[in-house]
Amino acid sequence: MDTIGEDGLFRHPVPVPFALRLFLVLAGLFVVTVATWELHPGVWPPNITSPFFFFLILGAWSVGGPVAWAGLNGAAGLWIVGPGRITIERKRPFLKLRRDTFGENDDMHLEVVEVEAMEGDSTWAVILSAADGRRFETREFRTRAAAERLLKRIETAFAATEPLKPRRD
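Structure (structure tokens):
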């Protein structure tokens, strides 16, 4: 939920839900564990088919490992927007907080973009494109109008000459 805090700064969280993290970790570990358990008799003791089964196990690890890693290490974000400043914090479990700050003199661009879906309707998000090519994305919205409202709130807080009045949106 977007808020304007007591300090007058607009905050927009981009969470990674615990249930999603848990699902990704369990799914990745399941793929690795089941493939290794079921296929290891084809690898050991060594025989003519050992390389084939070994590559199947490596394939399972190459899929399940990154999925589990994404669950453990997916970054949740927080956009903090104030007069002439946008700060984007990215928090990852087990790693240090990363913070990027953009000011009026930085060459950055805010825009609403469509996030195409393979199935179902596309979603919309606000993207901050930095001069060095990095891109930061807000939460996704079901309609373009909702994303444009967020963009307007961000631009209003950024262009303000003094902190905004506290309120909950």
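Using the numbering used here, read the sequence shown as starting at 800 and increasing by one per residue. Using N, Cα and C, we set each Cβ at its ideal position, and we do this for glycine too.
When DSSP states are grouped into helix, strand and coil, isoleucine 887 belongs to the strand group. Its chain contains Thr922 as the residues whose beta carbon lies nearer than 7 Å to that of alanine 916, once the 5 sequence neighbours on both sides are disregarded; these appear in chain order.
Rounded to the nearest whole angstrom, the CA to CA distance from alanine 826 to alanine 959 is 46 Å. Secondary structure at arginine 934: strand, using DSSP grouped into helix, strand and coil. Here the alpha carbon of alanine 929 sits roughly 12 Å from the alpha carbon of asparagine 904. Straight across, the Cα-Cα distance linking tryptophan 878 with aspartate 906 is about 18 Å. Across the structure, threonine 802 and lysine 964 are spaced so that their CA atoms are roughly 10 Å apart.
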